[in-house]
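In my numbering, the protein residues as written are 95 to 600. The beta-carbon is built from N, C-alpha and C at its ideal position, and this holds for glycine as well. Below is one structure, written out as structure tokens; comments come after it.
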């Protein structure tokens, strides 16, 4: 294995969180290396985000109100101080991105145009071109990264293991680079994981299928604490046209008046104007129940959007038309699909984890700001705001000792991955039971016995076991056999046994 010394932070992942961290670390004077398996703007959830970025941007809104909405959506597990840290920099974060060139929609006076999404008490989601926020925002950040001389990007590199010294500090990583997956151990002063979520573990997902929770798994193997791995958010309006991943019909459509109906045109959640703007877990279960009951589930935007669809929501319109659907003429078939991972590597607002030298930001991190159910459009805000803080903190790291042999994980063949994904959607999806979760864990045991401890298997096991252990329903986690919410809200905290290499070194 080749070895490379990099005198600065190594950032794994090139979504909004990773690149925001890279920019701030570079502007703090650090030399930054970013590694990602795909060219910039490809295969990261940030670029696919449609709704926008939540922030208090109007005279009738405030950071405090935004924080209260965040806590309410999180079903008792949001950490209030972290939520207020995030919402307190909402406007500043949007303005920072705008200064980089992010073309947020503006009104005639130059103010930010904001829209209403579910569980927000007032419109506060800054948008770009109706439903193009993610790609437009990330494009501006990518341009800034490419112009920054202190940042080097490898866009053909995949994380295989974290390297640690005898004290357990993370001092680098092993990556596989290029078409022949040549392995290189990179020594770095700190490692920032921005590896995204776990949507690729599910057969029905709106996120890049390459994101399989591997960053969380490898951090766990390095001894990092995990927080609430059972909490997965399912989006109720993935467009059900047989694609993998499924195109998304943004929640902003319902904010503009589109309605969820069954195959007979009956409302799924009631006739009230705001019935379809309940928290995502409630809406997702209604969609799931309608489909499982044979009624079908559809998003009808004909009256609310109609002929304005191509201009108001161009990304959704294009996705529908590619599938042979005209949303101006007929309702859109929808399903609930994995959309966002609330659990992950326990980290503070600066991205610090329980392992020295290791940071986590974005969807792979669990900072306590999302709790059991993420408030719509808080994800891009968290990715940028906390990504910037992590970059500043990581720039000050000075590294550690000599690395011990890094323990990598084997790959999982595609047929086994497909079997795992189907089982995750069936048993760890919108509705869960002890029987189903036990069957899922048994499948993971069988696949691991056959193929070894692959990182996706560990990530899936962490989700399934925590879901089995949480004998209640809360936020995105719904147990049909335990439908009530416990009176006391408690976090799930997980730490794997100390790595064998660390034990040997002692």
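For residue 525, there is no enclosing alpha helix (DSSP H), as DSSP marks it with neither H nor E. Residue 219 is not a Cβ neighbour of residue 235, given a cutoff of 9 Å. Secondary structure of residue 399 (DSSP, three-state): coil.
Per the coordinates, the alpha-carbon of residue 488 lies some 8 Å from the alpha-carbon of residue 453. DSSP places residue 279 inside the beta strand (DSSP E), whose first and last residues are 276-281. Note that the stretch 214-231 touches the stretch 149-159; at least 3 beta-carbon pairs, one per stretch, sit closer than 8 Å. Contact annotation: residue 570 and residue 407 have beta-carbon atoms that are not nearer than 9 Å.
The beta-carbon separation of residue 381 and residue 362, rounded to 7 Å, stays under the 8 Å limit for a contact.
Bounds of any alpha helix (DSSP H) do not take in residue 138, whose DSSP letter is neither H nor E. In summary, residue 532 is exposed, with fewer than 16 beta-carbon neighbours lying within 10 Å of its beta-carbon over all protein chains present. When rounded, the separation of the alpha-carbon atoms in residue 199 and residue 247 is 30 Å.
The stretch 107-120 makes contact with the stretch 240-257; the number of CB pairs closer than 8 Å reaches 3 or more. The alpha-carbon separation between residue 135 and residue 425 amounts to approximately 31 Å. In the DSSP assignment, residue 328 is bridged to 432.
Taking C-beta atoms as the reference points, residue 439 and residue 321 count as a pair closer than 9 Å. Taking residue 370 as the centre and dropping the five residues before and after it, the same chain places the C-beta of 348, 353, 354, 363 and 377 closer than 7 Å to its C-beta, in chain order.
The beta carbon of residue 226 lies closer than 6 Å to those of 409 in the same chain, with the five residues before and after it left out.
The Cβ atoms of residue 172 and residue 463 lie closer than 9 Å to each other. Between the alpha carbons of residue 228 and residue 474 lies a distance of about 8 Å. In this structure, the alpha-carbon of residue 387 lies about 10 Å from that of residue 356. The beta carbon of residue 516 sits closer than 6 Å to those of 297, all from its chain and outside the five residues before and after it, given in chain order. Between residue 441 and residue 459, the gap from beta carbon to beta carbon is short of 9 Å. A straight-line Cα-Cα distance of about 14 Å links residue 133 and residue 302.
Cβ atoms of residue 421 and residue 414 come within 8 Å of each other, at about 5 Å. Here DSSP, grouped into helix, strand and coil, assigns residue 565 to coil. Note on residue 273: under 16 other CB atoms within 10 angstroms of its CB, so exposed under the neighbour-count rule. Less than 9 Å divides the Cβ of residue 465 from the Cβ of residue 325. With a cutoff of 9 Å on beta-carbon distance, residue 254 and residue 265 are scored as not near each other.
Ranked by Cα distance from residue 240, the options 568, 194 and 181 are led by 194.
Around residue 251, the same chain offers 129, 269 and 271 as residues with beta carbons nearer than 6 Å, after the five sequence neighbours per side are excluded. In this structure, the alpha-carbon of residue 557 lies about 13 Å from that of residue 589. As computed with DSSP, residue 126 is found in a beta bridge with 245. Boundaries of the alpha helix (DSSP H) harbouring residue 174: 174-181, taken from the DSSP string.
Taken atom to atom, the span from the alpha-carbon of residue 168 to that of residue 468 is near 6 Å. When DSSP states are grouped into helix, strand and coil, residue 463 belongs to the coil group.
If you ignore the 5 residues before and after residue 310, its C-beta comes within less than 6 Å of the C-beta of 438, 439, 458 and 553, all in its own chain and listed in chain order.
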